[in-house]
């Protein structure tokens with residue numbers, strides 16, 4: 030027998046279709062509310078709408094009680110405006126019926142007669158008390174909380190966004206999660222800003238209620254006496270009761286909505302709905318309930334006080350305290366029993382210590398005195414700066430620096446930091462918090478007092494000065510930077526210096542995969558047919574060792590593919606890649622005037638070096654008399670100092686054949702000296718020779 034699935038009923042399908050048109054329903058509802066301000070309503074329809082108003086207020090209050098985070102009810106400010114407009118429209122409609130027919134339906138009549146016992150004086154007093162409660166207590170408090178929350182939320186936005194960037198930089202969250210958190214922060218700021226304004230609706234509603242009831246009483250009295258011929262007391266009784274009934278019908282939902290407003294803006298650091306939080310935080314302390322129960326029972330023993338209420342309430346507190354305490358002891362016993370039943374930890378095998386063998390690619394350890402640099406709450410922005418360093422390195426060198434882990438190390442001196450590469454220390458420095466590092470670039474006109482030191486990035490003489498001296502030091506020609514900038518500059522230079530060691534084979538594979546997305550042919554041709562990942566890594570490291578960017582990976586890979594067919598020598602391949610990157614090299618070392626200022630070798634010295642070349646396992650080397658090498662290095666050093674004093678990058682220009690051996694010869698003494706060949710400079714670049722050096726006794730100034 031075939032089973033035919035039950036089809037939804039027609040009413041259910043119609044309801045689903047109706048719910049899918051909520052935007053149309055809302056538009057119709059708002060237009061209908063506006064129409065209520067103009068068109069008269071029959072009493073039966075007014076009774077139904079008043080019931081809807083009361084039900085909506087109860088619904089809104091319960092929604093706020095079950096809301097954990099305010100953003101779960103982000104529509105609340107707009108909802109508050111619509112509900113307030115709806116209630117005011119009901120007031121206008123009810124006032125119209127009261128003044129025209131002295132009849133505003135059964136709901137208002139019931140509130141006027143039953144709730145206040147038919148006594149219009151009591152009704153007016155009760156109404157005024159409710160207005161005072163709503164306006165003075167709840168509305169003012171909720172408005173103030175919303176205002177402060179909006180201000181604090183806006184002030185905290187930069188810090189929260191920096192914390193998100195820090196988590197993203199540390200690898201704790203992914204980019205989609207970071208975008209979601211940033212959107213939540215923005216929505217939270219918008220919500221509290223909207224609530225700050227929406228609370229004014231509730232305050233205005235309370236004022237309007239007082240004005241409406243006064244107008245209705247005076248207007249009703251005048252209509253009843255002057256137009257309908259009622260006696261003074263009859264008119265006062267009739268219209269005042271109806272007006273008070275209308276006021277109570279409007280004020281009770283308004284009070285509920287005001288309470289809901291106060292609840293939604295005061296919800297903070299909640300983990301569950303309000304009922305669960307109250308039970309957990311208030312009823313979870315049995316000792317306090319024992320104390321309260323004992324005190325209430327003691328009040329019942331005071332002569333003259335009624336004993337039954339105090340004894341009943343005190344006994345209730347004592348009973349609740351006993352039940353809570355018993356439940357807590359039972360849960361604790363169960364936890365202990367569970368822990369006892371848990372099998373003892375078995376001896377850990379070799380695999381359990383494998384995680385200890387892993388080291389982070391890069392680490393930054395800081396002493397406890399430098400923790401404020403990282404703490405966002407204290408204004409630290411080091412995490413954000415490290416993110417910028419990684420971006421800058423990607424743009425300048427073409428490599429992706431791995432995530433830099435920041436740890437505090439209590440074994441370090443308080444003001445010391447250490448930079449580690451795969452667990453090994455490669456640099457360290459000292460900072461003084463709340464001080465500034467002043468460095469003289471040779472233009473300072475006067476010496477300033479401070480703590481002498483050296484710039485950790487470049488080793489230049491510097492002075493730690495206070496914030497009060499900063500402006501004067503800048504006027505005297507000093508370059509002044511804060512402690513965080515000193516650290517980030519040092520970290521940037523360390524990354525550039527150790528970029529060859531940072532680039533791993535996995536990083537090379539990642540770069541190849543990235544290029545393969547757009548240029549699959551060149552990658553497939555080169556690897557693994559012509560070169561292995563390790564050989565490509567050696568070439569890239571050679572380029573990075575001389576701080577040459579490998580961002581143009583397509584040109585690098587195409588050059589390797591063209592030349593790897595004839596030779597697998599990585600030094601030869603590196604030189605060929607450098608020639609292919611001539612435009613990049615020229616732009617990198619070109620000065621502001623468009624020219625490159627260089628030091629050149631005289632022809633005889635260059636020929637001597639060429640004749641001294643010999644092949645080894647490490648590539649081409651230079652075999653010269655140490656005395657000759659020492660003379661050349663001394664003269665080269667003097668010219669480098671002169672060029673540096675003029676503000677130019679020291680560059681030694683030579684022929685392509687001796688460029689690499691000459692670089693190997695000079696890199697120990699002059700690691701910052703750039704050695705270029707003529708083939709690495711574009712023809713349209715002007716080359717200005719600042720000096721000519723050689724093995725002769727004197728250098729020739731160009």
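Residue numbers (the numbering used here): 30 to 731.
Backbone N, C-alpha and C fix where the C-beta goes; we use that ideal spot for every residue, glycine too.
Whole-Å CB distance - residue i paired with residue j, under 8 Å assumed
i, j, result
"residue 590", "residue 569", "Actually they are not in contact, since the Cβ atoms of residue 590 and residue 569 sit about 14 Å apart, beyond 8 Å."
"residue 707", "residue 673", "Incorrect: roughly 23 Å between the Cβ atoms, too far for contact."
"residue 677", "residue 620", "7 Å"
"residue 491", "residue 468", "5 Å"
"residue 588", "residue 609", "4 Å"
"residue 600", "residue 648", "4 Å"
"residue 528", "residue 602", "Wrong, their Cβ atoms sit about 19 Å apart, outside the cutoff."
"residue 242", "residue 156", "6 Å"
"residue 722", "residue 642", "At roughly 19 Å, the Cβ-Cβ gap does not stay under 8 Å, so residue 722 and residue 642 are not in contact."
Residue i CB to nearest heavy atom of the ligand MN below 7 Å
i, result
"residue 542", "As far as ligands go, the structure on display features none, and thus does not contain the ligand MN."
Residue range of the unbroken alpha helix (DSSP H) whose run includes residue i
i, result
"residue 568", "562-574"
"residue 549", "549-555"
"residue 462", "Note, residue 462: premise wrong, no alpha helix (DSSP H); not H, not E."
"residue 596", "From DSSP, residue 596 is part of no alpha helix (DSSP H); its letter is neither H nor E."
"residue 497", "Premise fails: residue 497 is in no alpha helix (DSSP H) and is neither H nor E."
"residue 402", "Neither: residue 402 is in no alpha helix (DSSP H) and is coded neither H nor E."
"residue 587", "582-592"
"residue 423", "411-425"
"residue 85", "72-94"
"residue 111", "105-130"
"residue 617", "611-618"
"residue 720", "Not the alpha helix (DSSP H): residue 720 falls in the beta strand (DSSP E), residues 715-722."
Under 8 Å between C-beta atoms of residue i and residue j
i, j, result
"residue 162", "residue 275", "no"
"residue 239", "residue 150", "no"
"residue 432", "residue 524", "no"
"residue 245", "residue 267", "no"
"residue 217", "residue 100", "yes"
"residue 288", "residue 90", "yes"
"residue 627", "residue 714", "no"
"residue 109", "residue 220", "no"
"residue 340", "residue 329", "yes"
"residue 285", "residue 86", "yes"
"residue 690", "residue 657", "no"
"residue 142", "residue 279", "no"
"residue 127", "residue 282", "no"
"residue 237", "residue 106", "no"
"residue 582", "residue 606", "no"
"residue 102", "residue 93", "yes"
"residue 464", "residue 512", "yes"
"residue 451", "residue 509", "no"
"residue 633", "residue 711", "no"
Limits of the unbroken beta strand (DSSP E) element including residue i
i, result
"residue 137", "Where residue 137 is concerned, there is no enclosing beta strand (DSSP E), although the alpha helix (DSSP H) it sits in stretches over 135-139."
"residue 650", "648-651"
"residue 630", "624-630"
"residue 659", "Segment 655-674 is the alpha helix (DSSP H) holding residue 659; no beta strand (DSSP E) there."
"residue 434", "433-437"
"residue 643", "642-645"
"residue 530", "From DSSP, residue 530 is part of no beta strand (DSSP E) but of the alpha helix (DSSP H) over 528-531."
"residue 393", "391-395"
"residue 706", "703-706"
"residue 481", "480-483"
"residue 680", "680-683"
"residue 449", "445-450"
Close Cβ partners of residue i (< 6 Å) along its chain, the five nearest in sequence each way excluded
i, result
"residue 377", "Residue placement at residue 377 is poorly supported in this model, since its pLDDT is 48, which falls under 50; the coordinates still yield a value, given next. Cβ within range, chain order: n/a, list empty."
"residue 571", "603"
"residue 419", "430"
"residue 34", "Interpretation of residue 34 is limited by its pLDDT of 47, a score under 50 that renders its predicted location unreliable; no figure is taken from the coordinates."
"residue 409", "401, 402 and 403"
"residue 124", "245"
"residue 586", "551 and 555"
"residue 594", "none"
Cut-off 8 Å between Cβ atoms - residues of its own chain near residue i, not counting five sequence neighbours on either side
i, result
"residue 597", "560 and 564"
"residue 263", "253"
Residues of its chain near residue i, where Cβ-Cβ distance is below 7 Å and the 5 sequence neighbours each way are ignored
i, result
"residue 397", "437, 439 and 443"
Within the chosen definition, does the region 76-92 reach the region 125-132 through at least 3 CB pairs nearer than 8 Å?
-> Not touching, per the Cβ criterion.
Determine, using beta-carbon pairs with one atom in the region 546-560 and one in the region 505-524, whether at least three such pairs fall under 8 Å.
-> No, they do not touch.
Is the number of C-beta pairs between the region 573-585 and the region 425-432 that are closer than 8 Å three or more?
-> Verdict: yes, contact present.
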